[in-house]
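Remarks on the structure that follows.
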Amino acid sequence: MRIAVDAMGGDHAPQVVIDGAVQFARENPDIELILVGRRDVIEAELKKYKTDGLKLSIVHAPDVVEMEEHTIAVKEKKDASMNVAARLVRRGEADAFTSAGNSGAVMAAALFNIGRIKGIDRPCLGTIYPAAPNKCFILDVGANTDPQPENLLQFAIMGSIYAADVLHVPNPRVGIISNGEEEDKGSMLTRDAQKLLKAHPQLNYIGCVEGKDVPKGVADVVVSDGFVGNVMIKLTEGIVSFLIRQLKREFSGEPLNKIALILLLPGLILMLPGFVLLSPSLRRLWKRIDWREYGGAPLLGVNGVVVIGHGRSDAKAIKNMIRMTRECAQNDVVEKIRRGIEETTLTPVS
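Sequential numbering of the sequence shown, starting at 429, is according to my numbering.
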């Protein structure tokens, strides 16, 4: 398998992209990574690592679509790294493409160079949301802010296929985000979409899901328009960051807290064996809420495997972004979505 990696995409590219790619290559010696970008820059970064025996190659791309640039730059910079990487997929020279660059630009590069699956009106972005006891897959999280009900049905079909074949959830439960469990709640979009989801034979549709119930894991797939989905994800990221900052501030800022910690120190030492026993559970908890563990968001509905990472990704997130790309390609997600769309009687909308 060959994965094209946009080495120039992201807030901290190319340094963290090369770092993450090298980590992935060391752990996955059977996968070839094609690093796409400015050859001299990539070669200079690779010199910092021992890469003997690793399946790493470089494809030169002279231009870069910067994080702050408008999507139109994708058309203007035909030899930008994300365009070159996407064309490798179109020509069959790579099995998948991933980038932590400007998400709107990466989506545009995928659509311009790879195109959509026949029957898909609007591709969408999906991401994993930490829920208990299982993971929840939410889509759309930013690609479409004004979809039609028929688009939400396509999102549900694609999300159900992804949950079943990549996340290995048998017969995934599909819900639609709303402001109440009752069918008459929600916007006109969600009320109309409910009828389509409820009637579709391929879906295990369970009804409306409120925001508070998403972390409870009541559904394996939650369908939303891109506006609401994006707000949900970013609000959750903000809450986690806020809690971590507040904990640090409370324990470091107040003199009484420092004195209390000193007084508690003997007890904490006695509790060390307990902490050791708890550490696996604590690590599992942190792994569930750490966005870097999930790596990226698959762009579903394009005619090739494309995964978009977070712009602020560090090396760990990049490594997992590439891992997610490999899983999508290995599980043949594109072909399964194609078959799923062909089997539906949905009439395409514009």
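Using N, Cα and C, we set each Cβ at its ideal position, and we do this for glycine too.
Cross-strand partners of D742 (DSSP beta bridge): The partner list for D742 (beta bridge, DSSP) is empty, contrary to what the question assumes.
D491 to C636 span [Cα, whole Å]: 45 Å
Expected contact under 8 Å - CB spacing of P726 and Y590 to nearest Å: 7 Å
At least 3 beta-carbon pairs within less than 8 Å: the region 537-549 vs the region 623-642: no
Option in I459, H498, K505 and A528 with minimal Cα separation from G481: I459
Inter-residue Cα distance where the pair is R518 and V650: 30 Å
Paired residues, beta bridge with F565 - DSSP: I556 and V649
Buried/exposed call for D760, threshold 16 Cβ in 10 Å: exposed
Residue(s) in a DSSP beta bridge with C636: I604
In DSSP terms, what H488 is bridged to: G465
Assigned exposure category for P776 - 16 Cβ within 10 Å defines buried: Residue placement at P776 is flagged as unreliable, the pLDDT there being 46, under the threshold of 50; the coordinate-derived value follows with that caveat. Per the 10 Å Cβ criterion, exposed.
Between the CA atoms of A560 and I769 - distance to the nearest angstrom: 30 Å
V734, DSSP secondary structure in three states: strand
Inside the region 522-554 only - beta strand (DSSP E) runs reaching at least 3 residues: 524-527
Proximity of G438 and C552 at Cβ, strictly below 8 Å: no
Simplified DSSP assignment, three categories, for A757: helix
Which residues DSSP lists as bridging G794, in chain order: Since the first residue of the chain shown is 429 and the last is 778, residue 794 is not available in this structure.
Given A528 as reference, the closest of E638, H440 and D507 once Cα atoms are compared: H440
Within 8 Å, strictly: CB atoms of A489 and G465: yes
Test item: CB-CB of G420 and V534 under 8 Å: Outside the displayed span of the chain (429 to 778) sits residue 420, for which this structure offers no information.
V433: first and last residue of the uninterrupted beta strand (DSSP E) it sits in: R430 to D434
Segment contact flag, the region 617-628 with the region 574-591, C-beta cutoff 8 Å, min 3 pairs: yes
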